[in-house]
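There are 2 protein chains.
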Amino acid sequence: MVEWLGSFGKSKSNGVTRQLYSNEWRCAQQALEKRMKKIGLDVYFDDVGNLFGRLTGSQEDSTTILTGSHIDTVIDGGKYDGAYGVIAGMIAMQYLFEYYGVPKKNIEVVSLCEEEGSRFPMTYWGSGNITGVRTMEDVRNLVDLQDTSFIKAMHESGFGQGEYRQPKRDDIDCFVELHIEQGEVLEREEKSIGIVSHIVGQRRYEITVIGESNHAGTTPMAWRKDALYVASGLIQLLIQKARETNSDLVATVGQINLEPNIANVIPGKATFTIDIRHSEDDVIDRFSMGIFKEFQSITDSHNTELRIKNWMNEKPVKMCEKLIEISESILNKDQTPYKKMASGAGHDSQVFGSFCPTSLLFVPSHKGISHSPHEFTSTEDLEKGIRLLIKVLYELAY
Amino acid sequence: MVEWLGSFGKSKSNGVTRQLYSNEWRCAQQALEKRMKKIGLDVYFDDVGNLFGRLTGSQEDSTTILTGSHIDTVIDGGKYDGAYGVIAGMIAMQYLFEYYGVPKKNIEVVSLCEEEGSRFPMTYWGSGNITGVRTMEDVRNLVDLQDTSFIKAMHESGFGQGEYRQPKRDDIDCFVELHIEQGEVLEREEKSIGIVSHIVGQRRYEITVIGESNHAGTTPMAWRKDALYVASGLIQLLIQKARETNSDLVATVGQINLEPNIANVIPGKATFTIDIRHSEDDVIDRFSMGIFKEFQSITDSHNTELRIKNWMNEKPVKMCEKLIEISESILNKDQTPYKKMASGAGHDSQVFGSFCPTSLLFVPSHKGISHSPHEFTSTEDLEKGIRLLIKVLYELAY
Chain A
1 MVEWLGSFGK SKSNGVTRQL YSNEWRCAQQ ALEKRMKKIG LDVYFDDVGN
51 LFGRLTGSQE DSTTILTGSH IDTVIDGGKY DGAYGVIAGM IAMQYLFEYY
101 GVPKKNIEVV SLCEEEGSRF PMTYWGSGNI TGVRTMEDVR NLVDLQDTSF
151 IKAMHESGFG QGEYRQPKRD DIDCFVELHI EQGEVLEREE KSIGIVSHIV
201 GQRRYEITVI GESNHAGTTP MAWRKDALYV ASGLIQLLIQ KARETNSDLV
251 ATVGQINLEP NIANVIPGKA TFTIDIRHSE DDVIDRFSMG IFKEFQSITD
301 SHNTELRIKN WMNEKPVKMC EKLIEISESI LNKDQTPYKK MASGAGHDSQ
351 VFGSFCPTSL LFVPSHKGIS HSPHEFTSTE DLEKGIRLLI KVLYELAY
Chain B
1 MVEWLGSFGK SKSNGVTRQL YSNEWRCAQQ ALEKRMKKIG LDVYFDDVGN
51 LFGRLTGSQE DSTTILTGSH IDTVIDGGKY DGAYGVIAGM IAMQYLFEYY
101 GVPKKNIEVV SLCEEEGSRF PMTYWGSGNI TGVRTMEDVR NLVDLQDTSF
151 IKAMHESGFG QGEYRQPKRD DIDCFVELHI EQGEVLEREE KSIGIVSHIV
201 GQRRYEITVI GESNHAGTTP MAWRKDALYV ASGLIQLLIQ KARETNSDLV
251 ATVGQINLEP NIANVIPGKA TFTIDIRHSE DDVIDRFSMG IFKEFQSITD
301 SHNTELRIKN WMNEKPVKMC EKLIEISESI LNKDQTPYKK MASGAGHDSQ
351 VFGSFCPTSL LFVPSHKGIS HSPHEFTSTE DLEKGIRLLI KVLYELAY
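Which chain is which? The protein sequence lines are A and B, in order. Going by full-length UniProt numbering, the first residue of the first sequence is number 1, and it counts up by one from there. Going by full-length UniProt numbering, the first residue of the second sequence is number 1, and it counts up by one from there.
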């Protein structure tokens, strides 16, 4: 079924490109709609394009157990990212209905319209609308790289015009998301399942070192204010400190840009990004404050100027302890090797986590490769994930 | 006269843009042609567009004392770079002829068509043709950024079709070039004249560190092969060693590029340039070999790959000792403060230096600023340079 869903938007390199409100996206949601109907679910869209398949519970006015993940992909991404969670939810519900009949509580599987932010500068559009942290106002002026407006693309897909129910929900009991790890931890440690305790907080900074651009031949070493030389010292310090500080903290300099960036000119300006992640906001705070104090004294000692801009600050999100315990007890009983871990990447569970009890469960990613046609998880591991999801949903809804 | 010549190709920011075979370039050469005629010189072009003004000497079959510099500029460059040497040569010859009449040897001032390489990927086109190290074959396939071919641009300016004499010369006795320093040494040390002993050798490398691109959130610090982290360590080492090694050696990393250069992805590849200059080739050799040995052991220890490509290797060029002595004796007599120094930048004298006895003389550049509308040398210093040139030419030709 992963292969089947991956055929919608299949790229030349055998990856998947299924961007929000594209043709491929629409075909995939419509195909899922059919499948959901076929296995006996009540199916409906909401007005932003989230697709739901529902088993109504026997309890009157029951709340809803929600499972699923996102249907959109990055450009030339993998078959598993997002899609696996949607398919797993459908298979689990089909199984539960066949073997145990009507649940007490409502169960719904959702194919969320968007998480990646790879077409428009907007992430978590699906989960954000369900939880009320995103509204139409947020996308009013957005356009994609082809200058197509968000609103126009949404309308052309049939959404955003009030034809379907409003996306905001107040009946969600809890959210359970099954996803590939997108990291190498489970594979290296030979665990089949990851139970996520936290989604880490992400802090991003833009650091600028301002020196003095000068001729590479006529300026003696001692008189230089070389912005790249100073910046490279800061990068060394940052990464070394991150390696020493805390085994769970990660810090990355992914981007650097120089001015003028010419071989025979001393760089006058170096700008680089820092991405720091940890499951505790305090740890990120202490780490970055400590680092920036040292940055200041280094740039001062080289007569250069330091500028620090914080442009992203996502707080860590704790997953629900009770749901974690349910998974742990199931896996212990089954003798399935698992690891309790933080998620270093963002997921829809991060949005649901501040809204309702939420659990994020991982299966291994081969070599940690993701957002790539080479994304792969073995059928055995995929099945173990689904088996766990079935048991968790049973615990919660029956 | 510097202002007058600067009006040909004057840019909005009060700089000068006078690229090879452009309209501005042609107007400037034609205006110089008129001025040279007006002061009584015999004037001619050669077939690549070098412009000469000649005082024929009284000795039969005399060789020629050549002075001058280049007329072309970088985009939005300064008024002094190149132009000053041409103007100084004209003023000096006018003065010499008025006060001392016909010289024994021929004296010529040359306005060289091209040195900067800022329109086509070709430098020293003017001096290279005179000395025979450049020929039409070298430019056969060159185009500028607007896709105009070198040959077409040359033809449209009236050159390259055999209408003028062939540029290669065999009658040059020596070449004397007066130029702005384009560095800050003379100003800082309060000297009016720089007598260049060597033009430094330039070695350029492209260094590539190949690590592994990975997710910034899901890859623990200990498992990373971060190409930028390793590269920044190499840059630190290089610059620190250059500062310690030898006060005359300069090493510059002017350019760095990452792949993929995205804030939340660990860089898989970092490529940077190294520019090393010194007046002795041996020193450059020993320095770079020592550095690269350490580079290798650092990249090995991080499980990354190192690639080193040498893409430029210009040997140091010694200026003529006899000519240096002439200048020194003049300046000592006049009690003009001067400095014997290496030139960290390339000049036409570098090309002439391997062809005939050559002397390169500097006047100060305010704050070392060059290739900029802010390029500036005081009238007093410009005059001191011209006074020296007059006396040198007198020594050589009368």
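Backbone N, C-alpha and C fix where the C-beta goes; we use that ideal spot for every residue, glycine too.
*Going by other Cβ atoms of all chains shown within 10 Å of its Cβ, with 16 needed for buried, is S279 (chain B) buried or exposed?*
buried
_Proximal residues, the region 262-275 of chain B versus chain A, C-beta separation under 9 Å_ = I262, A263, N264, V265, I266, P267, A270, F272, T273, I274 and D275
*Identify each residue in the region 195-228 of chain A for which the Cβ-Cβ distance to at least one residue of chain B is less than 9 Å, and report them in chain order.*
V200, Q202, R204, E206, N214, H215, A216, G217, T218, T219, P220, M221, A222, W223, R224, D226 and L228
*Would T336 (chain A) pass as a contact of S192 (chain A) if the rule is Cβ separation under 8 Å?*
yes
_DSSP three-state assignment for D275 (chain A), whether helix, strand or coil_ = strand
*Hey, quick one: how far does the beta strand (DSSP E) through F287 (chain A) stretch, first residue to last?*
Segment D281 to S301 is the alpha helix (DSSP H) holding F287 (chain A); no beta strand (DSSP E) there.
*Kindly give me the distance between the Cβ atoms of F159 (chain A) and D47 (chain A), rounded to whole angstroms, as I take these residues to be in contact under 8 Å.*
6 Å
*Cβ separation of Y95 (chain A) and E375 (chain A), assumed to be a contact under 8 Å, to the nearest whole Å*: Going by Cβ atoms, the distance from Y95 (chain A) to E375 (chain A) rounds to 25 Å, so no, they are not a contact pair.
*asked:* Give me the subset of the region 174-189 of chain A whose CB atoms are less than 9 Å from a CB atom of chain B, sorted by chain position.
replied: E181, Q182, G183, E184, V185 and R188
*Evaluate S365 (chain A) with the Cβ neighbour count: other Cβ atoms within 10 Å of its Cβ, from every protein chain shown; 16 or more gives buried, anything less gives exposed.*
buried
_Min CB distance R277 (chain A) to chain B below 8 Å_ = yes
_Along the chain, where does the beta strand (DSSP E) containing Q202 (chain B) start, and where does it finish?_
G201 to I210
*Can a CB atom of chain A be found closer than 8 Å to the CB of M255 (chain B)?*
The question names Met, but residue 255 (chain B) is Gln in the sequence shown. Closer than 8 Å to some Cβ of chain A, the Cβ of Q255 (chain B) qualifies, so yes.
*Inter-residue CB distance, Y100 (chain B) and Y398 (chain B) (contact presumed, cutoff 8 Å)*: 6 Å
*asked:* Residues of chain B with CB closer than 8 Å to the CB of R243 (chain A), please, in chain order.
replied: M221 and A222
*According to the neighbour-count rule (16 or more other Cβ atoms, all chains shown, within 10 Å of its Cβ), is D275 (chain B) buried or exposed?*
buried
_Nonlocal neighbours in the same chain, by C-beta distance under 6 Å from L396 (chain B), ignoring five residues either side_ = I65
*Rank B:S359, B:F272 and B:L145 by C-alpha distance to the C-alpha of K322 (chain B) and give the top, closest one.*
B:S359
*Would you mind working out which of A:I298, A:C320, A:F352 and A:H371 sits nearest V110 (chain A), comparing C-alpha positions?*
A:F352
_So N50 (chain A) and I130 (chain A) are supposed to be a Cβ contact under 8 Å. How far apart are they, rounded?_
7 Å
*Cβ atoms of V74 (chain B) and E116 (chain B): under 8 Å apart, would you say?*
yes
_Whole-angstrom C-beta distance between S118 (chain B) and D348 (chain B), which should lie under 8 Å_ = The pair is not a contact, with the Cβ atoms about 15 Å apart (cut-off 8 Å).
*Mind checking S288 (chain A): buried by the 16 CB within 10 Å criterion, or exposed?*
buried
*Quick one: give me the first and last residue of the beta strand (DSSP E) that H70 (chain A) is part of.*
T64 to H70
*Could you please give me the residues that DSSP links to residue 401 (chain A) through a beta bridge?*
Examination of residue 401 (chain A) is not possible in this model, given that chain A is present from 1 through 398 alone.
*Within the same chain, show all residues whose beta-carbon is closer than 6 Å to that of R224 (chain A), passing over the 5 residues directly before and after it, in chain order.*
I266
*Can you tell me whether T219 (chain A) is buried or exposed, with buried defined as 16 or more other CB within 10 angstroms of its CB?*
buried
*Return the residue from the list A:I284, A:D42 and A:A231 that minimises the CA-CA distance to M90 (chain A).*
A:D42
*Which full runs of the beta strand (DSSP E) of 3+ residues lie inside the region 63-116 of chain B, going along the chain?*
64-70 and 106-112
*Through-space distance from G211 (chain B) to K269 (chain B), alpha-carbon basis*: 6 Å
*A263 (chain B) and T123 (chain A): beta carbons closer than 8 Å?*
no
*asked:* Check this for me: beta carbons of M341 (chain A) and Q202 (chain A), under 8 Å apart or not?
replied: no
*Name the residues in the region 129-147 of chain A whose C-beta lies less than 9 Å from a C-beta of chain B; which are they?*
none
*Going along chain B, which residues have a C-beta under 8 Å from I71 (chain A)?*
Under the 8 Å cutoff, chain B gives no residues; its nearest Cβ is about 21 Å from I71 (chain A).
_Looking at chain A, is there any beta carbon in it that lies within less than 8 Å of the beta carbon of L258 (chain B)?_
yes
_Residues in the region 331-356 of chain A having any Cβ partner in chain B nearer than 7 Å_ = G344 and A345
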